[in-house]
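Chains as they are written, first to last, in the working numbering: chain A, 833 to 1144; chain B, 2 to 283.
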């Protein structure tokens, strides 16, 4: 995802002279092309995220379209007040791009895990929260974000994630979920980095005779109301899937939506990380397996839930 | 003390500027009394700095508050909002009568300056340590877009406690933002204690100099000297400019000066009368 981000950003920098890149001293060589093409519009802001976010807001308030980038905890919770007060209160058109969503950097330990950022950022007025599911969505999200003229948060994984979409998404729209595959029995609403696991879960469910629709619900705020109404009216079971805490994340947002909306027949099942720091060493696949977030674990739990529901 | 020398022009203006500063103080005292609002002493402390900036230095047009080429003045010590509001009203950004709505229900003049609501307010402040990073972003916008405006940020001394101030200080020096000027209202008090007994600021000029700034100490109540020093931005040093302005909290009213109770206290009607008399106001 991060290579797609750097490449798309370079293209956008070519097209729009207002686009400015701010990095929190990461991405060695990643932005070489952007830097060589736009040397006056790249700033390594150092390991000083509060200042970086304030600088980005100041630029956004003065006609530029800054993109502020570093590892997720440092570009979100580390400088949360600057995001809230400088960026969002001023409605500054700043695009915040975080790398290392959820457990992408599991091996680096909990200082680098990011399972709370959606909760914090979606609570802030004027903020838009987008969690792309693959590199094609990253390109679409970045392009759409820079057209928004308002604050946008984009939550990336790392690099080398499988592609889910067959090709570039010409009609990517913030706030409009994308159907990956259709189904009849259950609906899997996945946000961000978990999309390949959701696709895998659907395949495994299919093997057991359960037809699952998979939706890339890339925008957590604003929620796609039309899509949620459809999901909760058409399916027996709707599952939210995210690499984020069950507190305050995508599943929580959908649960809030459900509580505020006329009762729907479908049951809601939420998958996410628990209310705990994941302290063991190991990479993302290991961490996901330990937390029950791999495709086959999701499928098993969905089957179990369907069986439980069927029992009189 | 590394005091900036005054130009003849500033000397000629000094008497008029002094009268303006007295009027500004009077309005702030009236507002504090009417609203029973805090931070009066903090507002009086920086009245001469605001006077120098708005009546002598800034390239601004109150009729064109969003002019891209205007100089930017950020009241980073947002708790002195009353002083900023009075300044902006006196300059014609909005009617003087609106000052009567300070802190009133439904008004535009909250206890800290709002975002995207009031003409002339460059940034919403009130949480300390935000104004300078914002100002650096504004200054870089000017550089990128080849607009030659200047950015002034007025910080309180207590605000220098915030780490983000020093992040921005290092950033501005690295980026050679010589069109940025920080003025520190160094009144030696923060909300509840002596500044240097809270977090050690001294030697404050040396700190800013060590962070790569062209740093000077200045009498923060000498409007002419302030005007001269602020006018010389950029000053050819290639560095951002820091003016460590020595001030007295509550300046201008004998019974408020250097008495930190006035950080939160609002004056009674009788105290307003006495204060106005001391300021030479009717």
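Ideal Cβ placement from N, Cα and C applies to all residues, glycine included.
Check, Outcome
"Taking Cβ to Cβ, would you say residue 935 (chain A) is nearer than 9 Å to residue 964 (chain A)?", "no"
"State buried or exposed for residue 1058 (chain A), treating a residue as buried only when at least 16 other CB atoms are found within 10 Å of its CB.", "exposed"
"Measure the C-alpha to C-alpha separation of residue 26 (chain B) and residue 268 (chain B) and round it to an integer number of angstroms.", "13 Å"
"Determine the direct distance from the alpha carbon of residue 905 (chain A) to that of residue 1035 (chain A), and round the result to whole angstroms.", "33 Å"
"I need the boundaries of the beta strand (DSSP E) containing residue 197 (chain B), first residue and last residue.", "Per DSSP, residue 197 (chain B) belongs to no beta strand (DSSP E); it is in the alpha helix (DSSP H), 196-199."
"Is it buried or exposed, residue 981 (chain A), if we count other Cβ atoms within 10 angstroms and call 16 or more buried?", "exposed"
"Residue 930 (chain A) and residue 907 (chain A) - do their beta-carbons sit closer together than 9 Å?", "yes"
"Judging by CA-CA distance, which residue of A:1125, A:872, A:1099, A:1067 is the nearest neighbour of residue 1075 (chain A)?", "A:1125"
"Using the beta-carbon of each residue, which ones in chain A are nearer than 8 Å to residue 1 (chain B)?", "One cannot answer for residue 1 (chain B) here, as it falls past the ends of chain B, which runs 2 to 283."
"Could you tell me which chain B residues have their CB closer than 8 Å to the CB of residue 967 (chain A), listed as they occur along the chain?", "Ordered by position in chain B, no residue passes the 8 Å Cβ test against residue 967 (chain A), which lies about 29 Å from the chain."
"Got a sec? Which residues, its chain only, sit under 8 Å from residue 255 (chain B) by beta carbon, not counting five neighbours each side?", "279"
"Any Cβ of chain B within less than 9 Å of the Cβ of residue 913 (chain A)?", "yes"
"Taking C-beta pairs closer than 9 Å, name the residues in chain B that residue 922 (chain A) reaches, listed in chain order.", "116, 117, 124, 125, 135"
"Within 9 Å (strictly less), CB to CB, does residue 952 (chain A) reach chain B?", "no"
"Kindly indicate the opening and closing residues of the alpha helix (DSSP H) around residue 1103 (chain A).", "Where residue 1103 (chain A) is concerned, there is no enclosing alpha helix (DSSP H), although the beta strand (DSSP E) it sits in stretches over 1099-1105."
"Go ahead and pull the three-state DSSP assignment for residue 265 (chain B).", "coil"
"Below 7 Å CB to CB, which residues in the same chain sit around residue 912 (chain A) once its five sequence neighbours on both sides are set aside?", "952"
"Report the partner residues of residue 1045 (chain A) according to the DSSP bridge assignment.", "A:1019"
"Give the DSSP-derived three-state secondary structure of residue 257 (chain B) in the structure shown.", "coil"
"Are the C-beta of residue 899 (chain A) and some C-beta of chain B separated by less than 9 Å?", "no"
"Among A:834, A:1130, A:918, A:978, which one has its Cα closest to the Cα of residue 861 (chain A)?", "A:834"
"Applying the 10 Å Cβ sphere with the 16-neighbour rule, what's the burial state of residue 1120 (chain A)?", "buried"
"I need the DSSP call for residue 1142 (chain A), collapsed to helix, strand or coil.", "helix"
"Go ahead and pull the three-state DSSP assignment for residue 1076 (chain A).", "strand"
"Provide the residue span of the beta strand (DSSP E) that contains residue 218 (chain B), from first to last.", "215-220"
"Examine chain A for any beta-carbon lying closer than 9 Å to the beta-carbon of residue 159 (chain B), and answer yes or no.", "no"
"How would you label residue 51 (chain B), buried or exposed, when you count the other beta carbons within 10 angstroms and need 16 or more for buried?", "buried"
"Does residue 944 (chain A) come out as helix, strand or coil in the three-state DSSP assignment?", "coil"
"Within 10 Å of its beta-carbon, does residue 1040 (chain A) have 16 or more other beta-carbons around it, so buried, or fewer, so exposed?", "exposed"
"Any beta-carbon of chain B closer than 9 Å to the one on residue 875 (chain A)?", "yes"
"Which residues in the same chain have their Cβ closer than 7 Å to the Cβ of residue 1 (chain B), if we skip the five residues on either side of it in sequence?", "The question about residue 1 (chain B) has no answer, for chain B in this structure spans 2 to 283."
"Is DSSP giving residue 996 (chain A) helix, strand or coil here?", "coil"
"Return the CA-CA distance between residue 168 (chain B) and residue 271 (chain B), expressed in angstroms with no decimal places.", "45 Å"
"Could you tell me whether the region 989-1006 of chain A touches the region 1094-1114 of chain A, using the rule of 3 or more Cβ pairs below 8 Å?", "no"
"Considering only their Cβ atoms, is the gap separating residue 1020 (chain A) from residue 1130 (chain A) smaller than 9 Å?", "yes"
"Could you give the distance in angstroms between the alpha-carbon of residue 1045 (chain A) and the alpha-carbon of residue 990 (chain A)?", "26 Å"
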